Amino acid sequence: MTLLIGLIYGSWMYIDRYTDVRGGRWSNCLRRLSIWSIVANYFPLKLIKTEDLDPNRNYIFGYHPHGLLTVGAGVNFLTEATHFSTLFPGIRPHLMIIRFNFLIPFARELLLNLGACRVSREGCQYFLNGSSAQGNAVVIVCGGMRELYLTEYQTMIFYLKKRKGFIRLALENGASLVPVITFGENEHYRRYKNWISNRWIWGRSIIGILPLRHPVTTVVGKPIHVNQIIDPSQTDIDQLHYQYLQAIEQVYDINKANYGLEHVKLKII
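Numbering (this note's numbering), first residue to last: 114 to 382.
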């Protein structure tokens, strides 16, 4: 029986293999489950809006930092625990994640129904330039796995200087860029570097597995409106990238004192 179930589900995964780059699925019921509020209240976790977003436009949210758990991105953009749809009416967020997550049986179904999709050019273009391209917010953790390995307790290090693919996407589709910073994302565990190299972390509980209860606040900055350029030059990309870096630094400098990081200088590498 187990083998039969495995064969049936494996066949379904094969048939459904392109859904993660073609809009995924969306279940308001799953996004509003009370368990997500329990997770949000554990830290606790908050979502802060600095400016209204026009639902007639599309957006690329640049999310920083990756952190160890990326809990800010997951809870804020895959669930309604922090009331995203109330803060940004008419905007539908889609967290873009690596393909590996969609190869995990049953977990893929949950992720797809929460609005997650594969972080790829094809996956992003579906929302930015497809038939339903209006009021979509593609959420990209720009630093990716490279940024994960830079994570340290009480630091803010963004791997961003060489990340320009999302800038090109914004130009090609005329999508507004929105800088997003989560304060507290790096404070869930101590001794990150030791964990990465020696499999050792320190959180809560006897064995240190539970993340530390530390306030997590995600600040959604002001959008940078972008004029569409079908075939942007390298100069176009570099200029918008520089503008985005300035916007990220501004969001950090304005808010860092509110979240106990006034002594921590943002480092962008």
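Think of the CB as a built atom: it goes at the ideal place given N, C-alpha and C, for glycine as much as any other residue. These figures come from a predicted structure and were not determined experimentally.
Look up residue i in the DSSP assignment and say whether it is helix, strand or coil.
| i | result |
| --- | --- |
| Gly-203 | coil |
| Val-377 | coil |
| Ile-217 | coil |
| Ile-151 | helix |
| Leu-143 | helix |
| Leu-323 | strand |
Exposed or buried, what is residue i when buried is set at 16 or more other beta-carbons lying within 10 Å of its beta-carbon?
| i | result |
| --- | --- |
| Pro-328 | exposed |
| Tyr-283 | Before going further, note that residue 283 is Ala rather than Tyr in the sequence given. Ala-283 should be labelled buried. |
| Ile-320 | Only weak support is given to the placement of Ile-320: the predicted model assigns it a pLDDT of 46, under 50, and the question is left unresolved by the model. |
| Tyr-176 | buried |
| Ala-288 | buried |
| Met-114 | exposed |
| Ile-294 | buried |
| Asp-165 | exposed |
| Cys-142 | exposed |
| Asp-366 | exposed |
| Asp-133 | buried |
From the DSSP output, read off the bridge partner residues of residue i.
| i | result |
| --- | --- |
| Ile-294 | His-177 and Val-332 |
| Ile-337 | Leu-290 |
| Tyr-172 | Ala-250 and Ser-289 |
| Lys-159 | Thr-330 |
| Ile-210 | Arg-231 |
| Ile-270 | Lys-380 |
Tell me, to the nearest whole angstrom, how far the beta carbon of residue i is from that of residue j; I am working on the premise that it is less than 8 Å.
| i | j | result |
| --- | --- | --- |
| His-207 | Gly-137 | 7 Å |
| Pro-178 | Thr-264 | 7 Å |
| Thr-330 | Lys-159 | 5 Å |
| Asn-299 | Leu-241 | The Cβ separation is near 30 Å, so there is no contact. |
| Phe-79 | Asn-368 | Summary: the structure shown does not reach residue 79, with the chain confined to residues 114 through 382, and so no result is reported for it. |
| Ile-253 | Phe-174 | 7 Å |
| Ile-342 | Asp-349 | 6 Å |
| Leu-111 | Tyr-239 | The chain is shown only over 114 to 382; residue 111 falls outside these bounds and no answer can be derived. |
Open item on the list: Within 8 Å, do at least three Cβ pairs link the segment 245-254 to the segment 164-173?
Closed with: yes
- [ ] Tell me, please, whether the segment 343-362 touches the segment 187-197 by the rule of three or more beta-carbon pairs shorter than 8 Å.
- [x] no
- [ ] Determine contact between the segment 268-284 and the segment 213-232, defined as no fewer than three beta-carbon pairs at a distance below 8 Å.
- [x] no
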